[in-house]
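Asks: My questions all concern the structure below.
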Amino acid sequence: MTTASAPGKVILFGEHAVVYGRPALAVPVTQVHADVEVEDSPAPGIWVDAPEISIRCEISSLPATHALRTVIENVFRTLGISSPPPLQIRITSTIPVASGLGSGAAVSVALIRALSSTVNRPLSDEQVNALAYEAEKLHHGTPSGIDNTVVTYAKPVYFVRGQPIQTFNVARPFTLVIADTGIPAPTRESVGDVRKLWEADKTKWEAMFDEVGGIVQAAREAIETGKTKELGPLMDANHALLQEMTVSSPELDRLVLAARGAGALGAKLSGGGRGGNMLALVEPTEAEQAASALRAAGAKNTIITTIEEKQ
Numbered sequence: 068m069t070t071a072s073a074p075g076k077v078i079l080f081g082e083h084a085v086v087y088g089r090p091a092l093a094v095p096v097t098q099v100h101a102d103v104e105v106e107d108s109p110a111p112g113i114w115v116d117a118p119e120i121s122i123r124c125e126i127s128s129l130p131a132t133h134a135l136r137t138v139i140e141n142v143f144r145t146l147g148i149s150s151p152p153p154l155q156i157r158i159t160s161t162i163p164v165a166s167g168l169g170s171g172a173a174v175s176v177a178l179i180r181a182l183s184s185t186v187n188r189p190l191s192d193e194q195v196n197a198l199a200y201e202a203e204k205l206h207h208g209t210p211s212g213i214d215n216t217v218v219t220y221a222k223p224v225y226f227v228r229g230q231p232i233q234t235f236n237v238a239r240p241f242t243l244v245i246a247d248t249g250i251p252a253p254t255r256e257s258v259g260d261v262r263k264l265w266e267a268d269k270t271k272w273e274a275m276f277d278e279v280g281g282i283v284q285a286a287r288e289a290i291e292t293g294k295t296k297e298l299g300p301l302m303d304a305n306h307a308l309l310q311e312m313t314v315s316s317p318e319l320d321r322l323v324l325a326a327r328g329a330g331a332l333g334a335k336l337s338g339g340g341r342g343g344n345m346l347a348l349v350e351p352t353e354a355e356q357a358a359s360a361l362r363a364a365g366a367k368n369t370i371i372t373t374i375e376e377k378q
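In our numbering, the protein residues as written are 68 to 378.
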């Protein structure tokens, strides 16, 4: 049996504007992860068992554009293997689906690594990232590439679309509470709607995306210099701009206000919006209190995570 695992991720700053060439910051969330086991199958073909999404079948019975089938076929195509061996694949994940935590990217990355290891042809991080990005197109339409990048490298990332990946230093650990609205985040829809706004008034929205880019730059500097409390007001400012982009929701706004009311230093939605997750910057000693307040305000689940330098 071959196994592989990949973490979740959360976008700290810059979602949506990242699609238009501005930077974004994102970090891995190791408290949640996708796991893939691959072993020889007694039956012909490649069988997939993914209980969280109610799939148990041979991949040829899946639509040609299904993300799992596409990932599997692309891996073997990349490796030049036209007749892959019979395999049984089991996929499990503790990452909520469609919540902005990178569930699809994590499954893709773990699956790519497990399959390539099974045939003793491990792929480089760059190859894994490229293959995972192809799968992200099926999930999100016009993805930024940030999910697959953070999940593949499992490090904090400063990301500008089309430019080389940059990891960045975390001078002082900081604590986040991530709260799930319980509502699936329709990323493809929200990305498409922002594009319609941009197409209707490019001057206005380019200026707003520039403003988001400035927030991202200030946030990176705060993280690299250990001035992490400065992230709070930057989160609040970024959330206000995301509200203007129409990608927040009453549920997200309620959780953001609840976090601030519980003493968070700042809070914002994270990811595509209109559902999924928000995050709050908190003092470590107040994390449990903030998480409790968020659950009382309607969060279906909370995760407390500390962002620190990975050696």
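No residue lacks a Cβ here, since even glycine has one placed at the ideal position from N, Cα and C.
As the structure is a computational prediction, the values presented were derived from the model and not from experiment.
Here's the rule I'm using: 16 or more other beta-carbon atoms within 10 Å means buried, otherwise exposed. How should Val-164 be labelled?
Replies: With fewer than 16 Cβ atoms within 10 Å of its Cβ, Val-164 is classed as exposed.
Asks: Starting from Pro-95 and walking both ways along the beta strand (DSSP E), at which residues does that stretch end?
Replies: Residues 91-107.
Asks: For Leu-205, tell me which candidate among Ala-172, Ile-232 and Val-217 has the shortest Cα-Cα distance.
Replies: When only C-alpha atoms are compared, the closest one is Ala-172.
Asks: Leaving aside the five residues before and after Pro-351 along the sequence, list all residues of the same chain whose C-beta is less than 6 Å from its C-beta, in chain order.
Replies: These residues qualify, in order along the chain: Thr-242.
Asks: Helix, strand or coil: which one does DSSP assign to Phe-241?
Replies: In this structure, Phe-241 counts as strand in the three-state DSSP scheme.
Asks: Short of 7 Å in beta carbon distance, which residues of its chain neighbour Ala-73, apart from the five on each side in sequence? Order them along the chain.
Replies: Around Ala-73: His-100, Ala-101, Ala-173, Val-176, Ala-177 and Val-218.
Asks: In three-state terms, what does DSSP make of Ala-331?
Replies: Coil.
Asks: Report, in whole angstroms, the separation of the C-beta atoms of Gly-381 and Thr-248, which I expect to be a contact under 8 Å.
Replies: With the chain covering 68 to 378 only, the question about residue 381 has no answer from this structure.
Asks: Using only alpha-carbon positions, find the residue among His-133, Asn-305, Lys-271 and Thr-270 that is nearest to Ala-281.
Replies: The residue you asked about is not Ala; residue 281 is Gly in the sequence shown. That would be Asn-305, whose Cα lies nearest to the Cα of Gly-281.
Asks: When the Cα atoms are used, what is the spatial distance from Ser-128 to Pro-152?
Replies: Each residue's Cα considered, the two are about 17 Å apart.
Asks: Cα separation between Ala-117 and Lys-271?
Replies: Straight-line Cα distance between these residues: approximately 44 Å.
Asks: Using only CA atoms, which one of Lys-367, Ala-331, Val-323 and Val-85 lies nearest to Glu-353?
Replies: Ranking the options by Cα distance to Glu-353, first place goes to Ala-331.
Asks: Taking the CB atoms as reference points, tell me whether Lys-76 and Asp-268 lie closer together than 8 Å.
Replies: Contact: no.
Asks: Output the distance between the C-alpha atoms of Val-224 and Thr-216, rounded to the nearest integer angstrom.
Replies: Computed Cα separation, rounded: 8 Å.
Asks: Can you tell which of Tyr-87, Met-68, Leu-348 and Arg-136 has the C-alpha that lies nearest to the C-alpha of Asp-277?
Replies: Per the Cα distances, Tyr-87.
Asks: Tell me the residue span of the alpha helix (DSSP H) that contains Asp-260.
Replies: Here the alpha helix (DSSP H) through Asp-260 covers 254-267.
Asks: Smallest Cα separation from Ala-366: which of Asp-320, Leu-348, Gly-299 and Gly-338?
Replies: For the residues Asp-320, Leu-348, Gly-299 and Gly-338, the minimum Cα distance to Ala-366 belongs to Asp-320.
Asks: Do the CB positions of Cys-124 and Val-115 come within less than 8 Å of each other?
Replies: Taking 8 Å as the Cβ cut-off, Cys-124 and Val-115 qualify as a contacting pair.
Asks: Thinking just about the alpha-carbon of each residue, which of Ser-166, Thr-145, Leu-79 and Leu-346 is nearest to the one in Glu-193?
Replies: Nearest C-alpha to Glu-193: Thr-145.
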